[in-house]
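Top line first, the protein sequences correspond to chains E and Z.
So that you can map any letter, position 159 of the first sequence is 159 in the working numbering, and since no number is skipped, the others follow by simple counting.
For the working numbering, count along the second sequence from 1 and bump the result up by 186.
Glycine included, each C-beta is placed from N, C-alpha and C at the ideal position.
Note that the coordinates shown come from a computational prediction; the quantities given were computed from them, not determined experimentally.
Notes for the one structure printed next.
Protein chains: 2
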Amino acid sequence: MSRSDEIQSAAIELFYEQGYNATSLKEIADRINLRAPSLYNHIESKQKLLQDIMFDGIDVLNSEFDEAVAQSEDIFEKIRLAAQALVRHNIRRKKQAYVNSTEIPSLEAGARDELVRRRRSYADRWVKLIESGVSAGVIVSSEPLLTTFNIIDLCAGLSRWYRPDGRWSEERLVAHYGRLTVSMLV
Amino acid sequence: MSRSDEIQSAAIELFYEQGYNATSLKEIADRINLRAPSLYNHIESKQKLLQDIMFDGIDVLNSEFDEAVAQSEDIFEKIRLAAQALVRHNIRRKKQAYVNSTEIPSLEAGARDELVRRRRSYADRWVKLIESGVSAGVIVSSEPLLTTFNIIDLCAGLSRWYRPDGRWSEERLVAHYGRLTVSMLV
DNA sequence: CCTACCGATCGGTAGG
DNA sequence: CCTACCGATCGGTAGG
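Structure follows, in structure tokens:
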């Protein structure tokens with residue numbers, strides 16, 4: 001694990017626990033036994049560190065969606081697979097996903113615009129998937145965008161309350177949300 | 187509108203836009219044409235100001251739930267009414283609800299514990315409502331708590347993306363979420 | 001409700 | 001990768 005990776009994962013943990021603005025570079029440095037100014041050998045600024053974390057998160061999410069829907073030709077199966085990919089993302093990258101959903105206001109204007117664009121790109125994937133089912137005559141949803149928001153919001157909760165030692169296993173939740181999502185569209 | 191109320195609503199707007207930690211008392215004071223130190227004639231501290239906003243939000247939400255379910259004897263109708271009350275809350279008090287869902291880590295330990303207790307109290311109302319339907323034999327949900335999380339998460343999204351001038355009116359959304367919530371339980 | 005001011009902390013730089 | 005240090009800003013107090 002490179003120093004840059006160490007910094008990034010320490011930052012994710014602290015931003016998750018305290019928020020970006022409440023976290024100092026000194027705290028990040030302390031976690032990996034460095035002095036705060038030494039961070040600047042690896043990062044450009046605190047703001048850029050946040051941007052890298054957030055862009056990485058949304059890019060991975062978009063890739064995972066594409067991989068998921070490529071695994072089947074059936075429209076409902078595609079929907080189930082896409083929902084399950086989102087669930088797994090919010091569970092396995094819980095802290096990063098939480099930071100991503102929570103720190104948009106902390107981004108500088110330019111980076112915020114770009115991030116919002118990439119998040120819209122994720123939502124567009126869902127809208128097009130649902131619309132393809134409508135065109136094919138197997139889905140009757142009259143509001144693909146609203147349904148998309150509902151699916152994303154529903155799964156977003158996981159990054160807040162999911163616990164690895166909680167009462168529901170990852171596989172239980174993947175199955176539950178997969179079923180629930182499909183049921184919203186039949 | 188009293189000075190205290192002016193301070194509180196200016197604070198809600200700024201905490202919504204920038205977050206608690208990124209907002210200075212000077213900015214709050216500027217919004218209502220005061221100097222920062224003058225705020226201390228009305229508030230105890232910045233932290234206490236946040237606490238008042240958050241406790242007020244959750245207390246109102248709990249009251250609204252109780253009022254909603256008292257309006258019908260039918261279990262599915264109670265569920266529909268409770269969901270619609272939550273939707274209206276997240277729309278009409280959008281900014282306060284957003285702050286409430288976002289600033290839990292910014293609370294001091296003691297206040298955070300108390301707030302989490304009151305949020306759990308809200309979730310308990312849902313769990314008991316669903317369980318009463320299970321006891322009566324009209325609902326088959328095997329996971330009342332998971333379903334409760336799903337309902338809350340689903341509606342929480344509104345405090346993030348709802349726009350008064352957006353493409354869905356409040357009444358359209360109230361109807362949509364009411365239907366969706368009931369459908370999760372039949 | 002104001003001005004004047006405090007100690008603390010912050011992100012970041014200089015220089016080695 | 002470190003020590004030493006900077007200017008800026010913060011929440012909050014004193015005193016009127």
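Check, Outcome
"8 Å Cβ cutoff met for residue 19 of chain E and residue 205 of chain Z", "yes"
"is_contact[residue 126 of chain E, chain Z] using C-beta, thresh 8 Å", "no"
"Candidates Z:370, Z:357, Z:254 and Z:224, of which the one nearest residue 340 of chain Z by Cα", "Z:370"
"Helix, strand or coil at residue 42 of chain E [DSSP, three-state]", "coil"
"Same chain only: Cβ atoms within 8 Å of residue 173 of chain E, ignoring 5 sequence neighbours per side", "87, 91, 158 and 162"
"Residue 38 of chain E: contacting residues in chain Z (beta-carbon distance under 9 Å)", "What residue 38 of chain E touches in chain Z: nothing, since even the nearest Cβ is about 25 Å away."
"Identity of the residue in Z:313, Z:195 and Z:187 nearest residue 265 of chain Z by Cα", "Z:313"
"Proximity below 8 Å, CB of residue 7 of chain E to CB of residue 39 of chain E", "yes"
"Segments assigned alpha helix (DSSP H), at least 4 residues, entirely inside the region 49–98 of chain E", "75–92"
"Proximal residues to residue 268 of chain Z (C-beta, below 6 Å), its chain only, five neighbours per side dropped", "251, 254 and 255"
"Closest by C-alpha distance to residue 234 of chain Z, when choosing among Z:257, Z:336, Z:357 and Z:292", "Z:292"
"Distance, residue 366 of chain Z Cα to residue 142 of chain E Cα", "14 Å"
"Cutoff 6 Å; reference residue 289 of chain Z; Cβ partners in own chain excluding five residues on either side", "206"
"Sequence-distant residues of the same chain with beta carbon closer than 7 Å to residue 455 of chain Z, five excluded per side", "A query on residue 455 of chain Z cannot be resolved here, the shown segment of chain Z reaching from 187 to 372 and no further."
"Best match in Z:209, Z:203 and Z:311 for proximity to residue 334 of chain Z [C-alpha to C-alpha]", "Z:311"
"Beta-carbon contacts of residue 211 of chain Z that lie in its chain and below 7 Å, excluding the five residues immediately before and after", "222, 225 and 232"
"Distance between beta carbons of residue 122 of chain E and residue 160 of chain E, contact taken as under 8 Å", "At roughly 19 Å, the Cβ-Cβ gap does not stay under 8 Å, so residue 160 of chain E and residue 122 of chain E are not in contact."
"Start and end residues, alpha helix (DSSP H) containing residue 207 of chain Z", "Counting along the chain, residue 207 of chain Z falls outside any alpha helix (DSSP H), and DSSP gives it neither H nor E."
"Residue-level contact to chain Z via CB, residue 115 of chain E, 8 Å cutoff", "no"
"Reference residue 306 of chain Z, options Z:245, Z:263, Z:325 and Z:199, closest by Cα", "Z:245"
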